[in-house]
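In the numbering used here, the protein residues as written are 10 to 178.
Here the structure is laid out as structure tokens; the discussion comes afterwards.
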């Protein structure tokens with residue numbers, strides 16, 4: 010099982026590291042991709058080495074895409090490569106997990122229309138404007154998409170991700 014995590018500087022540290030280590034506990038091989046540089050730094054100062062630039066990612070090699078929130082999704086949506094990778098995962102019905110503000114990247118990928126989703130409350134109007142069916146719930150699973158409101162709901166996100174991985178294994 011392989012997971013791809015897309016990040017840029019300003020990612021929410023907890024929203025990255027909590028699911029990252031939970032996936033590692035399950036034996037999932039993880040690739041961290043970023044648009045720039047060999048490291049990315051979170052909004053609280055923690056950094057992580059990236060495995061490769063997003064332009065080198067082949068989505069067909071991965072079973073799961075994880076997009077943490079924070080300021081990172083706003084930066085990622087400006088990267089055509091990140092938008093293309095996200096769109097490919099959605100179009101090919103591969104598992105996608107988003108946290109908080111990560112719905113912004115799905116909006117830019119045109120992947121919200123008719124999808125039941127939760128997100129950070131600050132972008133709920135953006136989700137609705139893009140055709141998403143916003144719900145104020147901890148975690149929502151809609152087909153291949155798992156969405157989570159934010160850091161306070163990461164336990165529920167991790168359970169949903171692991172359950173989905175077990176079903177696909």
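Each residue gets a CB set at the ideal place from its N, CA and C atoms; glycine is no exception.
Proximity of the stretch 99 to 115 to the stretch 66 to 74 meets the contact definition, three or more beta-carbon pairs being nearer than 8 Å.
If only complete runs of 4 or more residues are kept, the stretch 11 to 77 shows the alpha helix (DSSP H) at 22 to 34, in order along the chain.
Each residue's CA atom was taken as its position, placing residue 130 and residue 48 some 29 Å apart. Annotation: residue 153 to residue 40 spans about 19 Å, alpha carbon to alpha carbon.
The alpha-carbon separation between residue 53 and residue 166 amounts to approximately 21 Å.
Bounds of the alpha helix (DSSP H) holding residue 96 are 89 to 100. Taking 8 Å as the cut-off, the Cβ atoms of residue 138 and residue 122 do not count as close. Counting only runs of 3+ residues, the beta strand (DSSP E) found wholly inside the stretch 101 to 150 occupies 104 to 108, in chain order.
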